[in-house]
Amino acid sequence: MTAEYSEAVHQHSFSIRFFPQHSQRQKITDLNIEIDGCQSFVVTDDSFQNKKCYGRIAEPHRNFALHIRGKAETGLAIYEEYTDYPFSAILFKTQTDLTKPGKNLLNYHQALGLHKWEGSYDKALYIMRAIPDVFSYHPGTTEVHETAENAFTLGKGVCQDYAHIMLSLLREEHIPARYVVGMMLGEGASHAWVEALCGNYWYGFDPTNNQLVNDEYIRVSCGRDSDDCSIIRGRFYGCGIQQQNESVIVEEIKERIDSYGSDNCVHWSADRRNT
Amino acid sequence: MDDLIRNSETINQLLARYGVKFGIYKNGEFKEQLFPFDPIPRVIENGEFRYLEKGLKQRVDALNCFLSDIYGKKQIVKDGVIPEEFVFSAKGFLAPCDGVTPPKNIYSHISGIDLVQSKDDSWYVLEDNLRVPSGASYPMIARELQRRSAPDVFSDNSVLDNRNYAEWLKEVMDYVNTGGINVILSPGRYNAAFFEHSYFAEKTGAVLTTGKDIVCEGDTLYYIDYNGRKQRVGAVYRRISDEYLDPMTFYEESLIGIPHIFEAYRKGNVALLNAPGNGAADDKGIYYFVPKMIRYYLGEDAVLMNAPTYLPYYEKDMNYVLSHFDDLVIKDVAEAGGYGVVFGSSLTAEKKADFIALLKSKPRRFIAQEVIDFYDLDILNESGERTARKADLRAFVLTGSTTKVWPSGLTRFSRNPDSFIVNSSQGGGFKDTWVLSR
């Protein structure tokens, strides 16, 4: 991530949430965080156990650049086991302002007839398969804080909207479900999908690509909706105009020895297990 | 007593001069108005106060247990005492606070509990205010000024001294302080209660700040004084609401918040009074469950009654509300300050039908209460005659090493003879509250 300011800014506070973590699904190694012009920053957790880094640059500056690099060994499991405390699933059962269904989503939910399916997993799978029939991928249609209902009514949007719609439907079924931010092999931007609690396991569903989350996915953070997972927040003083660039590169290391280059980017390499 | 009445005009002039004002935003404009003081005090006898004190301590202790529970193990929800949607979908429940334990595990340090007395003399709790309850400074300064004009009145009438509030407040701040100075964080000059912020700073010795001179470095909070010297901050009595507290965690557009103050708090490096996230416990929907909480956490029956309340969320209650609509007052759980309050009997047929439709579509959003026939208090009207008006009492309960009830309080009255709404933001006035030592 890089940002350039046309005039110098100062008292710049920032907070970044884009650090993959160990889980039953993935193993993270060689995690390296660099922030140009900032020697001291703090790495901490948020209430959803996401890794977060924050800091402050007091001196005037015109550039801000963040580089995150690392390796992930993925596909170690197809689910993550649920532990109740300190991370209760109750929080993921209730709708949020962004996922709360309106008239259209409620009608759609009715029409889906989910009572046909008994288990949470089958319901989630059915929802994921159904969404592409009524929603299509089209960047630039929806806004950053778009609600599931609005996006659904528009009929098109991005991965965030797919995820919010799926969350809304799952929660109408009283299935705890969470928003997940991550990266996908071959994509130049961050991605979002959904995890639903089925029995005692969190399973990943990607409604955008209409597939189950597999070893091509690196999980970064989760929350009740996209607002809980905002990747970067900042505040500074100054009247400069900001130009911000973000890029994600995920490369596959087949023999686990490939290296990777390219500057000014969030850089990940996905170490896939060949199954 | 006559002395007090004789001096009331002078007292009001002095209050105006000291800046005892109440700012309100109406139609997008900021207006400052005086908070009119009425010289006839509310008098509470000692025995009655001891009863209130017992009930208020119990209530605030249970509310603190509740907050600690819902941001921790969530046992009360798991045990089915309170439905989860009343807790976790409430606006006041803040997910970033989940799993965070505040210093000394105290969430509500300063609680403002609103009570009314009915005509049969029983007291009812109308509302709990656990976020940033304001108002203690008004009776404090009014008493201070009255003492100057008629010093004997208070000892002759055996009125308990209420000058200890600032001292108690300081004790609470010191008790939870994690090392460093105490500060009072105000949104600034244009806040409704700015007078109070500056008054408390003066009386407690805490530094008054609008946040511009506070920074978070690493996970520690500092105050930077005029000389550029850094001093660590150990406790922040913040008078800005949760949403605006930290633009890095809560409302991003906030200009009055301090970036990363929440991180310092999360790490246990600073105390915030009151703790963020308390809105989950003073929601009007949660109010219904407070007597159940008292039983659940303390194993006691509630000493103080709630006003009889119905939750349209429960079908039985919804039916009752629909069949007794005209006798009830309906409140929007998300609103405060006397806004979003509808008296069933006051609506036209058309508005009533609209409102019932809204109620049916969003049952979780409302509570309905029986209208309590308030015990009226005398006030002096413009021509100096005594006349009766509706009044409530905001009791201040402080929690530090123990929970204490301030032997005074803010008595607010409605100036409009037909109104039950006494909130200062709706143009009400206030009285001193005397607690007697006998």
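For the protein sequence lines, the chains are A and B, in the order given. Read in the numbering used here, the first sequence has 488 at position 176, and its numbers run on one by one without any break. Read in the numbering used here, the second sequence has 195 at position 135, and its numbers run on one by one without any break. Yeah, the Cβ is synthetic: ideal placement off N, Cα and C, and Gly gets one too.
For L94 of chain B and A76 of chain B, the rounded distance between their alpha carbons: Here residue 76 of chain B corresponds to residue number 16 of the second sequence, with the count starting at 1. Here residue 94 of chain B corresponds to residue number 34 of the second sequence, with the count starting at 1. Distance between the alpha carbons of A76 of chain B and L94 of chain B: 7 Å.
is_contact[D392 of chain B, chain A] using C-beta, thresh 7 Å: The residue you call residue 392 of chain B lines up with position 332 of the second sequence. Taking Cβ atoms only, chain A never reaches closer than 7 Å to D392 of chain B, which makes this a no.
I'd like to know if M353 of chain B contacts chain A, where contact means its C-beta is closer than 7 Å to some C-beta of that chain. Locating residue 353 of chain B in the second sequence gives position 293, counting from the first residue. Output row for M353 of chain B: interface = no.
Tell me K81 of chain B's beta-bridge partners as DSSP assigns them. Taking the second sequence and counting its residues from 1, one reaches residue 81 of chain B at position 21. According to DSSP, which records beta bridges pairwise, K81 of chain B is partnered with B:L94.
Range covered by the alpha helix (DSSP H) that runs through D129 of chain B: Position 69 of the second sequence, counted from the first residue, corresponds to residue 129 of chain B. Looking at the DSSP string, the run of the alpha helix (DSSP H) that includes D129 of chain B is 106–130.
Name, please, each residue of chain A whose Cβ falls closer than 9 Å to the Cβ of H320 of chain B. Numbered from 1 along the second sequence, position 260 holds the residue referred to as residue 320 of chain B. Those within 9 Å of H320 of chain B in chain A are S325, S327, V354, Y366, G367, R368.
List the residues that DSSP assigns as beta-bridge partners of Y366 of chain A. Stepping through the first sequence from its first residue, residue 366 of chain A is reached at position 54. For Y366 of chain A, which the question treats as bridged, DSSP gives the partners A:S327, A:V354.
Helix, strand or coil, according to DSSP, for E273 of chain A in the structure here? Residue 273 of chain A cannot be examined here, being either before or after the span of chain A that is shown, 313 to 587.
Proximity winner among A:I402, A:K468, A:Y515, relative to V446 of chain A (alpha-carbon distances): The residue labelled residue 446 of chain A in the question sits at position 134 within the first sequence. Out of A:I402, A:K468, A:Y515, A:K468 has the C-alpha closest to the C-alpha of V446 of chain A.
Within chain B, the residues that L403 of chain A reaches when beta carbons sit closer than 7 Å: Mapped onto the first sequence, residue 403 of chain A falls at position 91. Under the 7 Å cutoff, chain B gives F148, A155, D158.
Is there a Cβ from chain A that is less than 7 Å from the Cβ of E113 of chain B? Counting from one through the second sequence, the residue named residue 113 of chain B turns up at place 53. No, its Cβ sits nowhere closer than 7 Å to a Cβ of chain A.
Quick one: what does DSSP say E187 of chain B is sitting in, helix, strand or coil? Position 127 of the second sequence holds residue 187 of chain B. Three-state result, E187 of chain B: strand.
Check whether the stretch 286–293 of chain B and the stretch 381–390 of chain A are in contact - that is, three or more C-beta pairs closer than 8 Å. no
First through last residue of the beta strand (DSSP E) which encompasses S171 of chain B: Walking along the second sequence from the start, residue 171 of chain B turns up at place 111. First-last of the beta strand (DSSP E) with S171 of chain B: 170–177.
Is there a Cβ from chain B that is less than 7 Å from the Cβ of T480 of chain A? Indexing the first sequence from 1 puts residue 480 of chain A at position 168. It should be noted that the sequence gives Ser, not Thr, for residue 480 of chain A. Not an interface residue.
Fully enclosed by the stretch 223–267 of chain B, which alpha helix (DSSP H) runs are 4 residues long or longer? 225–236, 254–264
With 16 other Cβ atoms within 10 Å as the buried cut-off, status of P372 of chain B: Residue numbering aside, residue 372 of chain B sits at position 312 when the second sequence is read from its first letter. That one is buried.
Does V321 of chain A have its Cβ less than 7 Å from a Cβ in chain B? Taking the first residue of the first sequence as position 1, residue 321 of chain A is located at position 9. No - not a single Cβ of chain B is within 7 Å of the one on V321 of chain A.
Use the C-beta contact count for A455 of chain B: other C-beta atoms within 10 angstroms, 16 or more gives buried, fewer gives exposed. For the purposes of this step, residue 455 of chain B is taken as the residue at position 395 of the second sequence. It counts as buried.
Cut-off 6 Å between Cβ atoms - residues of its own chain near F505 of chain B, not counting five sequence neighbours on either side: The requested residue 505 of chain B does not occur in the structure, where chain B is confined to residues 61 to 498.
Measuring alpha carbon to alpha carbon, tell me which of A:E528, A:P332, A:E455 ends up nearest K364 of chain A. In the first sequence, the residue the question calls residue 364 of chain A occupies position 52. Among A:E528, A:P332, A:E455, the Cα nearest to that of K364 of chain A belongs to A:P332.
H324 of chain A to E564 of chain A span [Cα, whole Å]: Position 12 of the first sequence, counting from 1, holds the residue named residue 324 of chain A. Position 252 of the first sequence, counting from 1, holds the residue named residue 564 of chain A. Their backbone Cα atoms lie some 35 Å apart in a straight line.
How would you write the range of the alpha helix (DSSP H) that V446 of chain A sits in, first residue to last? Counting from 1 along the first sequence, the entry for residue 446 of chain A is found at position 134. Start and end: 432–446.
Where V330 of chain B meets chain A, residues with beta-carbon distance less than 9 Å: Here residue 330 of chain B refers to the residue found at position 270 when the second sequence is read from its first residue. Ordered by position in chain A, no residue passes the 9 Å Cβ test against V330 of chain B, which lies about 14 Å from the chain.
Below 7 Å between beta carbons: does that hold for E144 of chain B and I487 of chain A? The residue you call residue 144 of chain B lines up with position 84 of the second sequence. The residue you call residue 487 of chain A lines up with position 175 of the first sequence. For E144 of chain B and I487 of chain A, no; Cβs fall outside 7 Å.
Just reading off the beta strand (DSSP E) that V493 of chain A is part of, what are its end residues? Locating residue 493 of chain A in the first sequence gives position 181, where the first residue counts as 1. Counting along the chain, the beta strand (DSSP E) containing V493 of chain A begins and ends at 489–496.
Leaving out five residues on either side along the sequence, give the residues of the same chain with a beta carbon under 6 Å from the beta carbon of E256 of chain B. Within the second sequence, the letter at position 196 stands for residue 256 of chain B. Excluding sequence neighbours, E256 of chain B sits near S194, S197.
Closer than 7 Å, CB to CB, is P37 of chain B near chain A or not? In this structure chain B extends from 61 to 498, so residue 37 of chain B is not present and cannot be described.
For a cutoff of 7 Å on Cβ pairs, would you count T406 of chain A as touching chain B? Counting from one through the first sequence, the residue named residue 406 of chain A turns up at place 94. By this cut-off, T406 of chain A is an interface position.
Which residue comes first and which comes last in the alpha helix (DSSP H) that contains A460 of chain A? As a position in the first sequence, residue 460 of chain A is number 148, starting the count at 1. 460–466 is the span of the alpha helix (DSSP H), which, as asked, contains A460 of chain A.
How would you call D139 of chain B, buried or exposed, if buried means at least 16 neighbouring beta carbons within 10 angstroms? Mapped onto the second sequence, residue 139 of chain B falls at position 79. Classification of D139 of chain B: exposed, given that the 10 Å Cβ count is below 16.
Of all Cβ atoms in chain B, is any one closer than 7 Å to the Cβ of S502 of chain A? Translated into positions along the first sequence, residue 502 of chain A becomes position 190. So no, S502 of chain A is outside the interface.
Going by C-alpha distance, which of A:S327, A:S559, A:T411 is nearest L482 of chain A? Counted from its first residue, the first sequence places residue 482 of chain A at position 170. Checking every option, the nearest Cα to that of L482 of chain A belongs to A:T411.
Span of the alpha helix (DSSP H), counted from its first residue to its last, around L419 of chain B: Position 359 of the second sequence, counted from the start, is the residue given in the question as residue 419 of chain B. Residues 409–421.
Mapping the DSSP letters down to three states, classify N366 of chain B as helix, strand or coil. As a working note, residue 366 of chain B is residue 306 in the second sequence. Note: N366 of chain B maps to strand in three-state DSSP.
Proximal chain E residues relative to S538 of chain A, where beta-carbon distance stays under 8 Å: Among the chains of the structure shown, chain E does not appear; the protein chains present are A and B.
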